[in-house]
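*Asks:* Take a look at the following structure, please.
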Ligand code: FDA
């Protein structure tokens, strides 16, 4: 027997639960459909299990999109303060960790429980686990064929997220549906992801796996430049850590990254200055500004002996060494892909959507929210803020 609802939301993750609860609490009859057996797995694993649920300083400048203005309306109408007010009602304790990033004191489960309770307040009907087999439109209504039978709805909200971490249920459902309705898509790409390097070229850096240090990293042209000051981590296959995850969203195939491994120090100048007074060897001298393992391996990889005395070096050699550390230019050969990526860059082209409601301009009643849309936040709670804000925008309209 066909079941009819005012609103069907597909995808019970961050954006989907937020959208369903808001629509339900407006008095709309809502069904929330998800194929997963465990609810909101991405919220559960986020922030090391404590969910970096927003960033108190979030502004539209923290998001990438072909249309950087698109996110402004939803973000200004549902702010980090609004989400904090909701958490306060549920007495969920949180703390700020780093650069405005807010985490739960206890567990990400608190956020999942809160969103579930909000759905209950909105009398949301759950269909989960439930597989969606096909979507159609007859007249004004959407038809959703599922393994629980046929559902019809006046509004259909797609909140199935992006492609990252397929092993916990990510699919290309949103993009396939966008194609079915002939909507433009900005080519999706793994983002907030470790970057990899050609195995042979990376060989000298393999012994550095596990070394972490604060750096400045940049890439791109003046027009589309990414620049971050964060920690970098050497891995067996390449580079990771917050600095690299952030810059990965800006990196284009074939382009170099420029990394300053000692942003506080002009290494060449400091070494040349030290020549007159320092009795130290090169390795020890560099270890003042860099992790000593990095200092030694860097010297060997660049043809210097770590036990050579600084005083015996020519200025020209020290300048070369300083430049290699203060502006290390390196070209990744790719990324660790969706297996490791925190988000998907690109998605449903924002030109297809209303920035007020997230509704598809040419298909009344159809909405896309959350990561499925071409709006991607930096690392640090921004992606959840977008999920909440876009979910609320659609929930108030659908
Ligand atoms: P989300 O992925 O949350 O939900 C999509 C839902 O749709 C899922 O429940 C899925 O099962 C369902 N679905 C998919 N295909 C379907 C289909 N065909 N049929 C039915 N259902 C389907 N962000 C942040 O701000 N702070 C953080 O701390 C982190 N940490 C983090 C860690 C890791 C490891 C990852 C992978 C990601 C993060 N993120 C993050 C990113 C954040 O998790 C992400 O941007 C949001 O969850 C996106 O919310 P959505 O609701 O759009 O998708």
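Numbering (my numbering), first residue to last: 21 to 418. Ideal Cβ placement from N, Cα and C applies to all residues, glycine included. These numbers come from a predicted model, not from an experiment.
#1: Taking residue 163 as part of the beta strand (DSSP E), name the residues at either end of that continuous run.
#2: For the beta strand (DSSP E) containing residue 385, name the first residue and the last one.
#3: If you draw a straight line from the C-alpha of residue 195 to the C-alpha of residue 202, how long is it?
#4: Taking the alpha-carbon positions, what's the residue 95 to residue 80 distance?
#5: Following the continuous beta strand (DSSP E) through residue 116, name the residue where it begins and the one where it ends.
#6: The beta strand (DSSP E) spanning residue 250 covers which residue range?
#7: Helix or strand or just coil, what does DSSP make of residue 290?
#8: Tell me whether residue 282 sits in a helix, a strand or coil according to DSSP, three-state version.
#9: If residue 214 and residue 252 are in contact, beta carbons under 8 Å, what's the gap, nearest whole angstrom?
#10: With DSSP as the reference, label residue 72 as helix, strand or coil.
#11: Would the beta-carbon of residue 85 be found less than 8 Å away from any heavy atom of ligand 1?
#12: Can you say whether residue 218 is buried or exposed, counting buried as having 16 or more other CB atoms within 10 angstroms of its CB?
#13: With a CB to CB cut of under 6 Å and the five nearest residues on each side skipped, what residues in its chain are close to residue 52?
#14: Between the C-alpha atoms of residue 24 and residue 418, what's the straight-line distance to the nearest angstrom?
#15: Output the boundary residues of the beta strand (DSSP E) element that contains residue 202.
#16: Is residue 318 a contact residue of ligand 1, with contact defined as CB to any heavy atom under 8 Å?
#17: Would you tell me roughly how many angstroms separate the C-alpha atoms of residue 165 and residue 22, rounded to the nearest one?
#18: Since I believe residue 72 is in contact with residue 123 (beta carbons under 8 Å), could you give me their beta-carbon distance rounded to a whole number of angstroms?
#19: Rounded to the nearest angstrom, how far is the Cβ of residue 277 from that of residue 350, given a contact under 8 Å?
#20: Look at residue 343 and residue 376 and say whether their C-beta atoms are less than 9 Å apart.
#21: Round the Cβ separation of residue 368 and residue 185 to the nearest angstrom and send it over; I've been treating them as touching at under 8 Å.
#22: Whole angstroms is fine: what's the gap from residue 197's alpha carbon to residue 305's?
#23: How is the alpha helix (DSSP H) around residue 264 delimited, first residue to last?
#24: Does DSSP put residue 320 in a helix, in a strand, or in coil?
#25: Give me the Cα-Cα distance between residue 361 and residue 182, rounded to the nearest whole angstrom.
#26: Beta strand (DSSP E) containing residue 405: first to last residue?
#27: When we look at the beta-carbon of residue 226 and count the other beta-carbons within 10 Å, is it buried (16 or more) or exposed?
#28: Give the straight-line distance between the Cα atoms of residue 77 and residue 97, rounded to the nearest whole angstrom.
#29: In its own chain, which residues sit with a C-beta less than 6 Å from the C-beta of residue 239, not counting the 5 before and 5 after it?
*Replies:* To lay it out plainly:
#1: 161 to 166
#2: It is not in any beta strand (DSSP E) - residue 385 carries neither H nor E in the DSSP assignment.
#3: Distance between the alpha carbons of residue 195 and residue 202: 10 Å.
#4: 7 Å
#5: 114 to 116
#6: 245 to 254
#7: helix
#8: coil
#9: With a Cβ gap of about 11 Å, residue 214 and residue 252 do not count as contacting.
#10: strand
#11: No.
#12: exposed
#13: 29, 32, 40, 144 and 146
#14: 15 Å
#15: No beta strand (DSSP E) holds residue 202; DSSP gives it neither H nor E.
#16: no
#17: 9 Å
#18: The beta-carbon distance between residue 123 and residue 72, rounded to whole angstroms, is 5 Å. This is short enough to meet the 8 Å contact definition.
#19: 6 Å
#20: no
#21: Wrong, their Cβ atoms sit about 20 Å apart, outside the cutoff.
#22: 59 Å
#23: 262 to 268
#24: helix
#25: 10 Å
#26: Careful: residue 405 lies outside any beta strand (DSSP E), inside the alpha helix (DSSP H) at 402 to 415.
#27: exposed
#28: 15 Å
#29: If we look at residue 239 and ignore the five residues flanking it on each side, its Cβ neighbours are 246, 267, 270, 271, 275 and 277.
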